[in-house]
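Student:
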Amino acid sequence: MTDKGNRPNILFIMSDDHAAHAISAYGSRINQTPQLDRIAEEGMRFDNCFCTNSICAPSRAVILTGMYSHRNGVKTLRDDLDGSLPNVAKMLQKAGYQTAIIGKWHLGHGGSNDPTGFDYWNVLPGQGEYHNPEMFEMGEPRKHEGYVTDIITDQSLNWLSGRDKTKPFMLMCHHKAPHRKWQPDKKHAHLYEDVDIPEPPTFHDDYEGRSAAVREAQMRIDRDLDEQDLKESPPEGLTPAELKSWKYQRYIKDYLRCVASVDDNVGRLLDYLDEEGIADDTIVVYTSDQGFFLGDHGWYDKRFMHEESLRMPFLIRYPREIAAGSVQEAMALNVDFAETFLDYAELPAPSHMQGRSLRPLLGGQVPPDWQTAMYYRYWEHLSRPHRVGAHYGIRTTRYKLIYYYGEERSANGAQPEIRTPEWELYDLRNDPLEMNNLYGDTSCELTVVELKGQLEELRQKIGDLE
Ligand code: CA
65 MTDKGNRPNI LFIMSDDHAA HAISAYGSRI NQTPQLDRIA EEGMRFDNCF CTNSICAPSR
125 AVILTGMYSH RNGVKTLRDD LDGSLPNVAK MLQKAGYQTA IIGKWHLGHG GSNDPTGFDY
185 WNVLPGQGEY HNPEMFEMGE PRKHEGYVTD IITDQSLNWL SGRDKTKPFM LMCHHKAPHR
245 KWQPDKKHAH LYEDVDIPEP PTFHDDYEGR SAAVREAQMR IDRDLDEQDL KESPPEGLTP
305 AELKSWKYQR YIKDYLRCVA SVDDNVGRLL DYLDEEGIAD DTIVVYTSDQ GFFLGDHGWY
365 DKRFMHEESL RMPFLIRYPR EIAAGSVQEA MALNVDFAET FLDYAELPAP SHMQGRSLRP
425 LLGGQVPPDW QTAMYYRYWE HLSRPHRVGA HYGIRTTRYK LIYYYGEERS ANGAQPEIRT
485 PEWELYDLRN DPLEMNNLYG DTSCELTVVE LKGQLEELRQ KIGDLE
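Going by the numbering used here, the first residue of the sequence shown is number 65, and it counts up by one from there.
Here is the structure:
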């Protein structure tokens with residue numbers, strides 16, 4: 065007998081900046097991801113999974129703690145996670161799970177900011193390197209030869225092979241890819257060489273009617289990609305429009321090459337579970353810390369509350385509870401992940417956690433009081449290099465209302481610049497690409513009043529009143 069009971073293993077695979085619209089299970093127009101699609105085909109695809117703060121470190125802190133940014137303290141990239149805070153790994157560890165985190169951590173380095181709650185940790189310092197990365201294994205630096213996505217998978221497989229098979233495990237396998245500066249491995253270096261990747265429908269957005277925060281953000285494909293992003297010089301004599309298209313191809317091909325390696329390596333982990341005979345006993349999640357603009361609105365990067373950045377891919381397989389090939393439309397948030405894992409570990413959710421277990425949704429049931437609106441907040445005000453204004457807002461199943469409040473309100477902020485506050489309203493049913501800002505349109509006055517009321521209620525409930 066083992067002490068596992070019915071508690072499943074949890075394999076949580078998270079990449080960095082991998083947008084759902086670059087996964088074929090999500091209908092990608094630009095690439096194929098056969099291994100990620102296996103998780104969707106054998107499990108469930110969430111179509112409305114969102115992050116509460118679309119940037120790396122803050123989203124990771126939300127996932128680990130089950131608390132929003134203002135509660136876990138990681139509001140911006142400059143904030144480190146306090147290792148003494150409770151987190152889901154500590155709770156699972158205490159309940160008899162073996163816990164490990166391998167790959168990107170990005171929540172501070174050394175002393176009180178190293179991972180806590182993990183029996184084993186082996187993480188990249190900061191952003192880490194794509195080629196020949198250094199990793200810190202339980203605090204000890206070690207240089208690795210090879211490509212980071214392969215190495216993180218190798219280390220994950222090593223840990224899985226050496227685990228105590230009498231206990232359930234939670235492994236967080238966190239890829240660095242496909243984060244900027246999008247450096248592919250040799251194997252995929254020539255992928256897409258002879259094809260043109262389609263440009264997105266909003267590639268030539270002129271931002272008419274949108275806020276200054278949108279118009280002035282510095283993440284434009286045609287203007288803001290640098291030499292390290294592009295890696296080669298453009299041909300002579302291109303018109304500005306041709307140059308923009310050329311830069312997009314340079315950017316998106318390297319991005320997708322990095323994704324291809326993630327896809328291959330997820331396949332290696334899935335194969336391992338099959339070979340071990342534990343695929344039925346293991347919850348497998350594939351997600352990313354947030355979405356990303358893939359030329360949408362003429363941009364790269366994230367931060368904004370717009371759909372491409374807000375949406376997280378969330379594919380989950382657990383044959384004992386999830387019907388193969390199912391799709392869930394109900395809203396899920398990164399703040400819900402921790403409580404979902406606790407639920408499967410037969411642990412109660414502590415009162416400081418602010419999400420809700422997704423387990424009923426995985427069984428195909430949507431509770432009548434399930435969330436139909438979510439609260440979002442991006443805290444960094446005009447931080448360099450992207451200069452996106454701080455904002456918060458609400459997304460319902462139909463609408464999105466965004467408030468750019470025009471000033472720095474995070475303790476670690478560095479930008480004293482004040483802007484005139486601005487609002488944006490989008491009708492996602494009639495304008496899914498968010499091109500038409502309806503704020504100020506007299507036909508929407510009642511909708512705005514209702515949404516502002518709902519937004520205030522959410523802020524009160526979550527306790528984010530700064
Ligand atoms: Ca990220």
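Virtual Cβ for every residue (Gly too), placed ideally from N, Cα, C.
All values reported here derive from a predicted model rather than from experimental measurement.
(1) Please state the DSSP three-state secondary structure of residue 437.
(2) Can you tell me whether residue 514 is buried or exposed? The criterion is at least 16 other CB atoms within 10 Å of its CB, across all chains shown.
(3) Specify the secondary structure class of residue 162 as computed by DSSP and reduced to three states.
(4) Going by the C-beta, is residue 81 closer than 7 Å to any heavy atom of ligand 1?
(5) In whole angstroms, what is the alpha-carbon distance linking residue 65 and residue 214?
(6) Can you tell me whether residue 243 sits near ligand 1, meaning its C-beta is under 7 Å from at least one heavy atom of the ligand?
(7) Between residue 59 and residue 530, what straight-line distance do the alpha-carbon atoms span, to the nearest angstrom?
(8) Please report the distance separating the alpha-carbon of residue 362 from that of residue 369.
(9) Mind checking who residue 350 pairs with in its DSSP beta bridge?
(10) For residue 462 versus residue 493, is the C-beta spacing smaller than 8 Å?
(11) Just to confirm the assignment: which complete alpha helix (DSSP H) runs, minimum length 4, are found wholly within the region 92-160?
(12) Among all the DSSP beta bridges, which residues are the ones paired with residue 391?
(13) Starting from the N-terminal side, write out each stretch of the beta strand (DSSP E) that is 3 residues or longer and does not extend beyond the region 204-268.
(14) Please determine, among 202, 241, 231, 184, the residue with the shortest C-alpha to C-alpha distance to residue 211.
(15) Is any heavy atom of ligand 1 found at a distance shorter than 7 Å from the C-beta of residue 143?
(16) Which stretch, first to last residue, makes up the beta strand (DSSP E) that contains residue 487?
(17) What do you reckon, are the CB atoms on residue 285 and residue 364 nearer than 8 Å?
(18) Are residue 418 and residue 131 close, meaning C-beta to C-beta below 8 Å?
(19) Can you give the Cα-Cα distance for residue 290 and residue 311, rounded to whole angstroms?
(20) Considering only C-alpha positions, which residue in the set 457, 307, 219 is nearest to residue 115?
(21) Looking at the structure shown, is residue 69 part of a helix, part of a strand, or coil, going by DSSP?
(22) Within the region 272-296, note down every full alpha helix (DSSP H) run reaching 4 residues or more, in order along the chain.
(23) Can you look up residue 457 in the DSSP assignment and give me helix, strand or coil?
(24) Between residue 157 and residue 181, is the Cβ-Cβ spacing less than 8 Å?
(25) Are the beta-carbon atoms of residue 382 and residue 334 separated by less than 8 Å?
(26) Do you know whose CA, among 444, 347, 354, lies nearest residue 404's CA?
(27) Nearest CA to the CA of residue 441: which residue from 133, 409, 397?
(28) Quick one: grab the DSSP three-state call for residue 443.
(29) Could you tell me if residue 97 is buried or exposed, where buried requires 16 or more neighbouring beta carbons within 10 angstroms of its beta carbon?
(30) Given the structure, does residue 120 come close to ligand 1, in the sense that its CB is under 7 Å from one of the ligand's heavy atoms?
(31) Measure the beta-carbon distance from residue 176 to residue 146 and round it to whole angstroms, keeping in mind my assumption that it falls under 8 Å.
(32) Quick check: what's the CA-CA separation for residue 170 versus residue 72?
(33) Could you please give the first and the last residue of the uninterrupted beta strand (DSSP E) stretch that includes residue 188?
(34) Kindly indicate which residue of 139, 319, 164 has the alpha-carbon position closest to the one of residue 75.
(35) Within 8 Å, do at least three Cβ pairs link the region 291-311 to the region 243-263?
Tutor: Once the coordinates are examined:
(1) For the purposes of this step, residue 437 is taken as residue 373 along the sequence shown, with counting starting at 1. The answer is strand: DSSP assigns residue 437 an E or B state.
(2) Position 450 of the sequence shown, counting from 1, holds the residue named residue 514. Flag for residue 514 reads exposed.
(3) Your numbering for residue 162 matches position 98 in the sequence shown. Correct three-state label for residue 162: strand.
(4) Position 17 of the sequence shown holds residue 81. It does: the Cβ of residue 81 is within 7 Å (strictly closer) of some heavy atom of ligand 1.
(5) Indexing the sequence shown from 1 puts residue 65 at position 1. Indexing the sequence shown from 1 puts residue 214 at position 150. Because residue 65 sits at a pLDDT of 35, beneath the cut-off of 50, its placement in the model cannot be relied upon, and the following sentence gives the value as read from the coordinates. Computed Cα separation, rounded: 35 Å.
(6) Stepping through the sequence shown from its first residue, residue 243 is reached at position 179. Checking the Cβ of residue 243 against ligand 1 gives yes.
(7) The requested residue 59 does not occur in the structure, where the chain is confined to residues 65 to 530.
(8) As a first step, residue 362 is located in the sequence shown; it is residue number 298 there, counting from the start. As a first step, residue 369 is located in the sequence shown; it is residue number 305 there, counting from the start. Residue 362 and residue 369 have their alpha carbons spaced roughly 15 Å apart.
(9) Taking the first residue of the sequence shown as 1, we reach residue 350 at position 286. DSSP links residue 350 through a beta bridge to 77, 379.
(10) As a working mapping, residue 462 is identified with position 398 in the sequence shown. As a working mapping, residue 493 is identified with position 429 in the sequence shown. Taking 8 Å as the Cβ cut-off, residue 462 and residue 493 qualify as a contacting pair.
(11) 98-106, 120-129, 133-136, 152-158
(12) Here residue 391 corresponds to residue number 327 of the sequence shown, with the count starting at 1. DSSP output for residue 391 lists 109 as bridge partner(s).
(13) 204-207, 233-238
(14) Here residue 211 is taken as the residue at index 147 of the sequence shown, counted from 1. For the options 202, 241, 231, 184, the alpha carbon positioned closest to that of residue 211 is the one of 241.
(15) Locating residue 143 in the sequence shown gives position 79, counting from the first residue. Residue 143 Cβ: outside cutoff for every heavy atom of ligand 1.
(16) Stepping through the sequence shown from its first residue, residue 487 is reached at position 423. Start and end: 486-491.
(17) Counting from 1 along the sequence shown, the entry for residue 285 is found at position 221. Counting from 1 along the sequence shown, the entry for residue 364 is found at position 300. Contact flag set, yes.
(18) Start at 1 with the first residue of the sequence shown, and residue 418 comes out as number 354. Start at 1 with the first residue of the sequence shown, and residue 131 comes out as number 67. Result yes, Cβ atoms of residue 418 and residue 131 sit closer than 8 Å.
(19) Along the sequence shown, read from residue 1 onward, the residue named residue 290 stands at position 226. Along the sequence shown, read from residue 1 onward, the residue named residue 311 stands at position 247. Using only the alpha carbons, I get a separation of about 10 Å.
(20) As a position in the sequence shown, residue 115 is number 51, starting the count at 1. Closest option to residue 115, Cα to Cα, is 457.
(21) Against the sequence shown, residue 69 aligns to sequence position 5. Residue state, collapsed to three classes: coil.
(22) 276-279, 291-294
(23) Residue numbering aside, residue 457 sits at position 393 when the sequence shown is read from its first letter. Here residue 457 sits in strand by DSSP.
(24) By 1-based counting over the sequence shown, the position of residue 157 is 93. By 1-based counting over the sequence shown, the position of residue 181 is 117. In this structure, residue 181 lies closer than 8 Å to residue 157 by Cβ.
(25) Taking the sequence shown and counting its residues from 1, the one referred to as residue 382 is at position 318. Taking the sequence shown and counting its residues from 1, the one referred to as residue 334 is at position 270. For residue 382 and residue 334, no; Cβs fall outside 8 Å.
(26) Residue mapping note: residue 404 aligns to position 340 of the sequence shown, counting from 1. Among 444, 347, 354, the Cα nearest to that of residue 404 is on 347.
(27) As a working note, residue 441 is residue 377 in the sequence shown. Residue 133 is the option with its Cα nearest to residue 441.
(28) In the sequence shown, residue 443 corresponds to position 379, counting from 1. If DSSP states are grouped into helix, strand and coil, residue 443 belongs with coil.
(29) For the purposes of this step, residue 97 is taken as residue 33 along the sequence shown, with counting starting at 1. By the neighbour-count rule (16 or more Cβ atoms within 10 Å), residue 97 is buried.
(30) The count along the sequence shown starts at 1 and reaches residue 120 at position 56. Yes, the Cβ of residue 120 comes within 7 Å of a heavy atom of ligand 1.
(31) On the sequence shown, position 112 is the one that residue 176 refers to. On the sequence shown, position 82 is the one that residue 146 refers to. Sure, about 7 Å apart at Cβ, within 8 Å.
(32) Indexing the sequence shown from 1 puts residue 170 at position 106. Indexing the sequence shown from 1 puts residue 72 at position 8. Each residue's Cα considered, the two are about 27 Å apart.
(33) Counting from 1 along the sequence shown, the entry for residue 188 is found at position 124. Unbroken beta strand (DSSP E) run through residue 188: 184-188.
(34) One-based indexing of the sequence shown puts residue 75 at position 11. With distances taken between Cα atoms, residue 75 lies closest to 164.
(35) Result yes; three or more Cβ-Cβ pairs closer than 8 Å.
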